[in-house]
Every structure is written in structure tokens, then in C-alpha cells.
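Presented below is the structure to which this report refers.
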Amino acid sequence: MPDAVEVEDVTRVFEPRKKKDERVVALDEVSLTIPEGEIHGLLGPNGAGKTTLVKILSTVLLPTSGRARVCGHDVVEETKAVRPLIGIVFGGERGLYWRLTGRQNLEYWGALYRLPPAAVRERTRTLLERVGLADRADQRVEQYSRGMKQRLHLARGLIGDAKVLFLDEPTTGMDPIAGREFRTLIGELKGEGRTILLATHDMVEAETVCDRVTLIDRGKIIATESPRSLGHVISRFQRVDVEGAPEPVLGRIAALEGVSAVTRTEDGGARIEVSEEGATAEVLRRLVDAGVTSVRTSLPSLEEVYVQLIGERGLEV
Amino acid sequence: MTRVAVTLNVMRNAFRAGLADYRAIFTWKSWLAGWYLRVIAQVAFFALIGERLEDDEKTMYLLVGNSIMIAAVVGVFSLNMTTSERGAGTLPLLVASPSSPVVVFSARGAYLAVDGALSALAALAVAGPMFGVSLPWPDVLAVVPLTGLVAVASYCFGTFLAGLVFRFRSVNNLVVVTTHVSLMAACGVNVPLSFYPEPLEWLSRLLPLTNGLLGIRGVFGGADPTTILGDAALEAAVAVAWMTVALATFNRLAARGRRDGSLEFAS
Ligand SMILES: Nc1ncnc2c1ncn2[C@@H]1O[C@H](COP(=O)(O)OP(=O)(O)O)[C@@H](O)[C@H]1O
Ligand SMILES: [Mg+2]
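Chain order of the listed sequences is S and C.
The first sequence: position 84 = 84 (this note's numbering), numbered continuously.
Take the position in the second sequence, starting the count at 1, then add 1000; the result is the number in this note's numbering.
The following block contains the structure:
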């Protein structure tokens, strides 16, 4: 059975439309495989290229080079085969018909996904219940709150019974409770065997719901791993916590190549952050030589890795 | 379901969605007070010119022409549909769906053809007697399908224009108004086609109002049924032609959007 999503060396360049614009390489030889049934996070700051990749996979944008397949079907050549298999959800309030009711919106898209009328009615009913809109189903969307619109959007993405779901920042602007419910729903969708690609700049979201996470920045993939072992892979980002290390020793360690920071902790200890492979060994040797015995190494959390790799830009919304 | 059944179901739902959209804007009352009154006023304005000239034939000509013009006016409003689609941010979702955006559009705005035909006929039915124009029974019944054809053809034409000016949202209203004025001038609404040189007359026959209106004038003037049928066939052919061109335009538009990234998810 083919993987749910296969991306091979996909590059997407946006040529300038106006003279003063610059040429943008939104994706730079991106490769990625998502097996069926996986919840895959695409984590990166604004402008990283997440939406561009989602658009290419959803058949609304062509790659400049490279190939991408959904369930074995090419997203450029075999759009007829791809489109019935995918569902798209993007955050925010757009993508809905505001003058129609929630139910009318879903029934409309259900028909467009070529389901028989009876099935559309039934799916609409269960989906409205699932996203908690059953009692507001016959009100016009323009009367919905922002959160309700987003939940309707999610239901819209599910109406076609998609095998592969592309969620592009689906919780943007959702309140925390809605966000938690959303994560529960993702779990349910996984239980149904669906594959999900979740593009987000929210580390917590990626960490809590994804089986694996791909870190992307400036169009390049930095790493793909499970949220927990992402820290391992990037083991060069180790840190060493010490107690009772003499000041001069710390000063010399700080000057070592591959040591990115030495910070004092409140209890008189220090944290040494390492950003190059092999540097940790040297740090430990120096500490042991100086007779420091209270030493602990640990791996950073996904959040720390993210900040290390991408810098503070990663925290901007 | 067969492919045809599925497509018909898509169109039925799209039509229903369009209608719901329309009903959110218009109630019966606001349709009568806000729209129909304007229609009657416009038709009466031109008919009054005929009255002023104390020329019954001229009055009749202007009254029929401007009544049927209403069907074209409403049909051309389909130009706004894609603009609103763009505003709603649903276009990429439509393109990414298993159904063709054009099939969806063509059905979504079809209420305009219905509205256009009904408005035109209602104008004729009320303004006609007001100006002493007799509506010959039962011949006048033939006017109904002909008006329907004019509305559909204008709707197809508007859909084509929508695809054409799609990328230039700001000029949309200008295009609507320009199209209305051009159709009024070029399709034999106030001035007979014979007024223009012959090549222009043929060009005019490619427009969505001309042939149907000629047929309707034929009905009122007691023309030979085969002549009327000929005009009707031409009008239908014009409708099919414009819808075909509209299809091609939209397919090209979608292909171009996929290439240059103009199918935006967000803004
Ligand atoms: N249609 C477009 N035309 C020109 N540049 C674009 C277009 N879409 C995206 N970009 C650029 O490509 C880069 C990646 O954008 P995007 O994929 O939207 O990032 P993300 O979703 O991760 O925030 C950005 O620099 C953005 O400005
Ligand atoms: Mg984005």
C-alpha cells in the first residue's frame, strides 16, 4: 500500500509579480513521507513554507520541481484521483458562505464531494453534533462566533470522508477550550484511520497531538522525528546542569567552541548549553578535571530545540 | 449514482445554495419595493418617451425592448458571483474539490436567470397595460420561454465576463454597468438593428439579448412561427456558446492560479 503522503524534492519558487518584489524560494527540495494513519506535524514559523506545501498537496498549487503523491496519486497529474481523497481545513473565518446556515454549508460541500443526498444529510447531522454545532445548525454563519466558524470549517473538511486531511493552522484564534476539544477530535480522527498533516507554528499543539513532527524553516526541512525523540536527533543541542562549579572553570567552558551559553541558576548552579556535536564531551572532561561531581546532562524539550534552531522568530505569531 | 446523476445533484445543491444566498438578501417585500419598483420605473421611463412622440408603434417598441432588457440586466449580475466567491475565500476549496468550479458556478447563480426572466415578464405584464399595449392571448405565452432564453444567455455571458475580469476585482462594478449600457445600445432595445451597418448587426446577434428580443417582437407583431423559432434557436445557440467560452475561461483561470499561486487560502 502506498504511503498517504509522499513528497520528493519539492521546490516551489514564486517569481516576482512586480518589479520591486523579490523571488521567493518558498520550498527548497523538501522531501517527506507520511505513512497511512499518522498524525504528522509541520512545525515552523510564519513564512516557513507550510501553507505552500499544504497547497501543493491539495492540488491548488503546482511545484516548480519535484513530485508529490497522495495515496499514490500524483498531485499534479492525477488531480481527479487525489481530490476525492483529501479534506482541507484552514484557520480563520474564511472559506465559508456566511449567508448560508451551517447545515446548508455542509450539505453544499457534501454534494460537491459527490456523496449521495441521503449520505450527505446523515453526515451533516453527525458532523454538526461532533463539532458541537447541532443546536445552531440552522442559523446563518454570519451569526456564528469566530470559534463556531472554525468548528464548522473543521466539519466542512470532514464532510467528504477524506482519507487524508490537511489542516493549516486550524486552531488560529480558537480559545483554549476549543483548542483542547480540537485535539480530542484529532485523536478520534486518528482512531478512524485517517492520515493528518497538521501545519502549525504552535509547538505545544505539535507536541501533544502528533506522532511525528517535521521542523521546517525558510523552505527547508530541518528534521523529522517523533516529538519526544526530536531532542535526541538533535543531540548536539545538549545541556549540562552543574552545581558548585568554580567561576573560572565556567568562564573557560563558556569560551569553548560549541558552547552556546552558560547561564547562572538561582540556586547557585549553572546551565551550560551546547550546540555542536562532540562539545559535550569536552565540557564534561573539564568539569570532572575541576573536581565538579554534581553534573547532569539532559536533552532539551521540543520547544527549546525549536527556539534554538529557528531562533526567536519561531515565537512570533 | 451515475456520473450524470452526481453532477445533477451537485448542480441542484449549488442552485439551492445560490437561492438561499439570494433569499438572505431579498424578502418578497424588499424585492417588490426595492427592485420591482425600479424595474417598472425604468420601463415606464422609456415607454413615456414613445408616448411623448405620440407614436404607438414607438411606445410598443420601447416598452417591449426595455422590459426584456431587464432579463439581460439581471443575468449579467452573475458577474458579481465570482467576486463574492473570492471574498468568501472559498475558491481554493472549490478548485480542490472533486467537482468542477464552473459546473458549480453555473448552477449557483442560475437563480439570476430565473429572477431575470420573472422580472422582465412582470414588467411586461404591468407596464404593458399601463401604456395600452395589448398582449395578444394566447400568442403572448410564447414570450415566456423566449424571455427565459434571453435571461439564461445573459447569465452565461455574465459568467464568461466574470472569468475574464476575475483578476481585476476593482473593475467589477464598472464592467457590470458598461455591459448593461452596451447591451441596451447594441441589441435592438431602443433602436432597431437596421439602424446600424450590417456587420455590426451580425456582431449584435452574437450578444445574449438580440435574437431573443427579435423573436419576442415577432410574437407581438404576429410574425411567422418559423421566424420566431429561428430566433429562439439562435438565442439558445448564443447561450451555449457563451457558456462554453465561460468554461474555457474558468479552466484557464484555475490552471493559471495553480501555476502562480493566486488561489489564496487566507486573504
Ligand atoms: N502566492 C505567493 N506569491 C509570492 N510569494 C508567496 C506566495 N505564497 C507564499 N509566498 C511566500 O512564500 C513563503 C512561504 O509562505 P507560506 O507557505 O505561506 O508560509 P507559512 O504558511 O509557513 O507561514 C513566504 O515568504 C511567502 O511570502
Ligand atoms: Mg501558513
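Glycine included, each C-beta is placed from N, C-alpha and C at the ideal position.
All figures in this text were calculated on a predicted structure; none of them were measured in a lab.
Could you give the distance in angstroms between the alpha-carbon of residue i and the alpha-carbon of residue j?
{"i": "T1083/C", "j": "H201/S", "result": "31 Å"}
{"i": "V7/S", "j": "G1230/C", "result": "57 Å"}
{"i": "S1267/C", "j": "G1089/C", "result": "Any reading at S1267/C needs caution, since the residue's pLDDT is 47, under 50, leaving its predicted position unreliable; the model's value is listed next. For S1267/C and G1089/C, the distance between alpha carbons rounds to 7 Å."}
{"i": "I1025/C", "j": "T64/S", "result": "43 Å"}
{"i": "M1130/C", "j": "G1222/C", "result": "21 Å"}
{"i": "T126/S", "j": "P117/S", "result": "14 Å"}
{"i": "P1136/C", "j": "D1224/C", "result": "15 Å"}
{"i": "V1004/C", "j": "A1072/C", "result": "29 Å"}
{"i": "L1019/C", "j": "V1103/C", "result": "16 Å"}
{"i": "V164/S", "j": "E22/S", "result": "34 Å"}
{"i": "E15/S", "j": "A1047/C", "result": "56 Å"}
{"i": "S1099/C", "j": "E257/S", "result": "59 Å"}
{"i": "R239/S", "j": "E282/S", "result": "13 Å"}
{"i": "L112/S", "j": "V1010/C", "result": "6 Å"}
{"i": "E266/S", "j": "D241/S", "result": "12 Å"}
{"i": "L1093/C", "j": "I88/S", "result": "7 Å"}
{"i": "P291/S", "j": "G37/S", "result": "It should be noted that the sequence gives Gly, not Pro, for residue 291/S. If I take the Cα positions, the gap works out to 51 Å."}
{"i": "A1017/C", "j": "L1141/C", "result": "30 Å"}
{"i": "T184/S", "j": "H40/S", "result": "15 Å"}
{"i": "D175/S", "j": "W109/S", "result": "26 Å"}
{"i": "R114/S", "j": "F1168/C", "result": "32 Å"}
{"i": "Q1285/C", "j": "N1066/C", "result": "Given a span of 1001 to 1267 for chain C in the structure shown, any question on residue 1285/C remains unanswerable."}
{"i": "M148/S", "j": "V1076/C", "result": "35 Å"}
{"i": "T1226/C", "j": "N1211/C", "result": "14 Å"}
{"i": "V1126/C", "j": "W1031/C", "result": "16 Å"}
{"i": "E277/S", "j": "S298/S", "result": "14 Å"}
State yes or no: is the beta carbon of residue i nearer than 8 Å to at least one beta carbon in chain C?
{"i": "K55/S", "result": "yes"}
{"i": "S58/S", "result": "yes"}
{"i": "E316/S", "result": "Model confidence at E316/S stands at a pLDDT of 46, short of 50, so the residue's coordinates are unreliable; what they give is reported in the following sentence. No, because no Cβ of chain C sits closer than 8 Å to the Cβ of E316/S."}
{"i": "I159/S", "result": "no"}
{"i": "G47/S", "result": "no"}
{"i": "E107/S", "result": "yes"}
{"i": "L96/S", "result": "yes"}
{"i": "I86/S", "result": "yes"}
{"i": "T200/S", "result": "no"}
{"i": "D175/S", "result": "no"}
{"i": "L62/S", "result": "yes"}
{"i": "R136/S", "result": "no"}
{"i": "D241/S", "result": "no"}
{"i": "K18/S", "result": "no"}
{"i": "Y113/S", "result": "yes"}
Closer than 7 Å to a non-hydrogen atom of ligand 2 - does that hold for the CB of residue i?
{"i": "D1115/C", "result": "no"}
{"i": "D217/S", "result": "no"}
{"i": "D168/S", "result": "yes"}
Can you tell which of the options has the C-alpha that lies nearest to the C-alpha of residue i?
{"i": "L1207/C", "options": "G1018/C, N1013/C, A1117/C, C1156/C", "result": "C1156/C"}
{"i": "V75/S", "options": "L167/S, E205/S, A4/S", "result": "A4/S"}
{"i": "L197/S", "options": "K220/S, T224/S, P176/S, G268/S", "result": "T224/S"}
{"i": "N1251/C", "options": "V1143/C, L1091/C, I1228/C, K1029/C", "result": "L1091/C"}
{"i": "G269/S", "options": "S275/S, L287/S, E282/S, L57/S", "result": "L287/S"}
{"i": "E1057/C", "options": "S1204/C, N1190/C, E1198/C", "result": "N1190/C"}
{"i": "E243/S", "options": "S294/S, E276/S, E266/S", "result": "S294/S"}
{"i": "L250/S", "options": "V262/S, G258/S, V209/S, E257/S", "result": "V262/S"}
{"i": "L1146/C", "options": "V1165/C, V1181/C, L1209/C", "result": "L1209/C"}
{"i": "L1118/C", "options": "A1107/C, L1200/C, W1035/C, N1080/C", "result": "W1035/C"}
{"i": "V30/S", "options": "G66/S, L61/S, Q150/S", "result": "G66/S"}
{"i": "R212/S", "options": "I177/S, G219/S, K220/S, A199/S", "result": "A199/S"}
{"i": "V13/S", "options": "I56/S, E273/S, I186/S", "result": "I56/S"}
{"i": "P1138/C", "options": "L1234/C, N1013/C, V1219/C, D1115/C", "result": "V1219/C"}
{"i": "A1123/C", "options": "A1110/C, R1108/C, V1143/C", "result": "V1143/C"}
{"i": "L1161/C", "options": "R1052/C, A1248/C, Y1111/C, R1023/C", "result": "A1248/C"}
{"i": "L85/S", "options": "L158/S, T208/S, I221/S", "result": "L158/S"}
Step through the CB atoms of chain A and report whether any lies within less than 8 Å of the CB of residue i.
{"i": "D1021/C", "result": "Absence of chain A from the displayed structure is noted, the protein chains being S and C."}
Determine, using beta carbons only, whether residue i comes closer than 8 Å to chain S.
{"i": "T1090/C", "result": "yes"}
{"i": "A1024/C", "result": "yes"}
{"i": "F1265/C", "result": "yes"}
{"i": "S1097/C", "result": "yes"}
{"i": "G1261/C", "result": "yes"}
{"i": "V1104/C", "result": "yes"}
{"i": "V1004/C", "result": "no"}
Subject >> Chain-ordered residues, beta carbon under 5 Å from a heavy atom of ligand 1 >> reply: F14/S, V24/S, A26/S, N46/S, G47/S, A48/S, G49/S, K50/S, T51/S, T52/S, G1261/C
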